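Heads up: the structure comes next, in structure tokens.
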Amino acid sequence: MDILITLFYILFSICVVYPPAEFVSAGFTIAQLFDNWLGSENTNFIGYHMKRTTITVLIHSMLPAGYLATLWCGGVRGEWMLSAAAAVLIIPFYMGYKMVSWWEYDKSKHPVVKALQPYVTPGIDWRVVASNFNVEFRSVDKVSITLSATSKFVVTHSWLVKVTQYGINLVKQRDCALVATATDSHNLSTSGEDEVQYVNIEAIPSRDDIKKFTFRISTTSLRDLQPRLDRAIRVPEHISLLPTLIERFVDVFKQHVEQNPVYQIDEEVELCIGCMQNPADVKLDRRCVPPPPHIEDEHLPCQQCNCRVLWCTACMARLLTPRAARDARSPRPTALEVQPVDERLYHSTRLLRALFGDMFRPAS
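Counting from 121, one number per residue, gives the positions in the sequence shown under the numbering used here.
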């Protein structure tokens, strides 16, 4: 019986310390169970995590004592129970003393407040810095990336924040350099891609009074993160980032466009209306067999594109991917609506040729 209780409690403790996705979705996490007491993270980020870390440490320190209580309720008795109870009760009592010290002396010893201290000017209350941070955190342009069920990485306009179970790491973007240290790839991906890659990134502060920290994110999240950073993430030469499925599609698409005949134009080439960075260099040209002259039908399989050269090859390729088409801010070329193009992603060069043929031609 005691073996079953032990196995059950070990499983329960693991789910409490590292809650699985099922526990998170069901609301059985410490932060979700004490949501009313913790308040709103978006409104008061610093105060929220001061309470969250306190209650997390308290509950985790009581798990050994809870194990003995579970054994007792399960009918397990022994002379060792009294000495074991005295030993395991030392942990919550000690942590209780530590938590009392956190909230005394103007709360300056709390781990969350200590993370703010490097940016507290002498003579200024730490609550001023906390208030300024809370205001910036409420901004809608922040990026929050979930690292695990118990941690996340947040980027605001001027701050980098890593949230963990027992504290937070805070550093201003101007005082920190992000360096990729390692990568690992996996064949299984919930996003439907054939391979997913994770990158270990180390945040190295330029100040000695700030601790460096590391976090691990996917390359997809990394690309969402980079536009929000003041400094680009440094990737050493020995580390190669796996291109996304869309990027691989764009590369293959460019190769096929380059194989097609060149479309000569007399007008001046403008910037691509999709990215406004690269010159427009691709033209949609009809390559299907035209219908006989005596047939007049408004619903022909395809028709000649009379559009000017407005798109670069990369943007045109992204328009043909479902994911990019959903997120695109620029309108799709009108001619694409009447072309027989099945918008699906293909890795195979042979399938890409069969799909698009030579309808896209480089313009010069």
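Just so it is clear, CB atoms sit at the ideal spot from N, CA and C, and this is done for glycine as well.
Bear in mind that the values here come from a model prediction, so they are computed numbers and not experimental data.
Check whether the Cβ atoms of residue i and residue j lie closer than 9 Å to each other.
i	j	result
P356	A300	yes
A235	I288	yes
K262	V275	yes
N162	R247	no
T340	V372	no
A297	S278	no
D122	L183	no
V220	T173	no
L290	F253	yes
R348	T364	no
T334	V377	no
S181	I211	yes
I125	G194	yes
L485	C427	Any answer about residue 485 is impossible in this case: the structure gives the chain only from 121 up to 484.
V283	F273	yes
L188	A204	yes
L362	T303	yes
K171	G159	yes
Buried or exposed: which applies to residue i, given that a residue is buried once 16 or more other Cβ atoms fall within 10 Å of its Cβ?
i	result
V255	exposed
G147	exposed
G198	exposed
Q375	exposed
D401	buried
P139	buried
G243	exposed
L439	buried
Y168	buried
F128	exposed
Y225	exposed
P460	In this predicted model, P460 has a pLDDT of only 36, less than 50, meaning its place in the structure is not dependable enough to derive any value.
I166	buried
W223	exposed
H487	As displayed, the chain neither begins before 121 nor continues past 484, which places residue 487 out of reach and without an answer.
W157	exposed
A141	exposed
Could you have a look at residue i and say whether DSSP puts it in helix, strand or coil?
i	result
T301	strand
G287	strand
Y138	coil
N307	coil
P212	helix
T266	strand
A323	strand
R351	coil
C296	strand
A154	First, the amino acid is wrong: residue 154 is Phe here, not Ala. Three-state DSSP puts F154 in coil, outside helix and strand.
L362	coil
F165	helix
F257	helix
E224	coil
I149	First, the residue type needs correcting, since residue 149 is Thr and not Ile in the sequence shown. Looking at T149 - three-state DSSP - the assignment turns out to be coil, as it is neither helix nor strand.
D245	coil
S468	For S468, the predicted structure reports a pLDDT of 37, less than 50, and the residue's modelled location is therefore unreliable. A value from the coordinates is still provided. Looking at S468 - three-state DSSP - the assignment turns out to be coil, as it is neither helix nor strand.
S160	coil
T441	coil
N252	helix
H180	helix
T454	Summary for T454: the model assigns pLDDT 44, below 50, so the residue's position carries little reliability; its value from the coordinates is reported in the next sentence. Note: T454 maps to helix in three-state DSSP.
E367	helix
Spell out the partners DSSP gives residue i in its beta bridges.
i	result
S338	Y318
Y217	Note: Y217 sits in no beta bridge, so no partner.
L202	Paired residue(s): none; L202 is not in a bridge.
K282	F273 and N289
L127	In the DSSP output, where bridge partners are listed per residue, L127 has none listed.
L391	P399
F333	A323
Would you mind giving the Cβ-Cβ distance between residue i and residue j, rounded to the nearest angstrom? I have them listed as a contact below 8 Å.
i	j	result
V319	I330	Rounded, the Cβ-Cβ distance is 22 Å, inconsistent with contact.
V370	V429	Actually they are not in contact, since the Cβ atoms of V370 and V429 sit about 18 Å apart, beyond 8 Å.
I366	T441	5 Å
Q285	T176	5 Å
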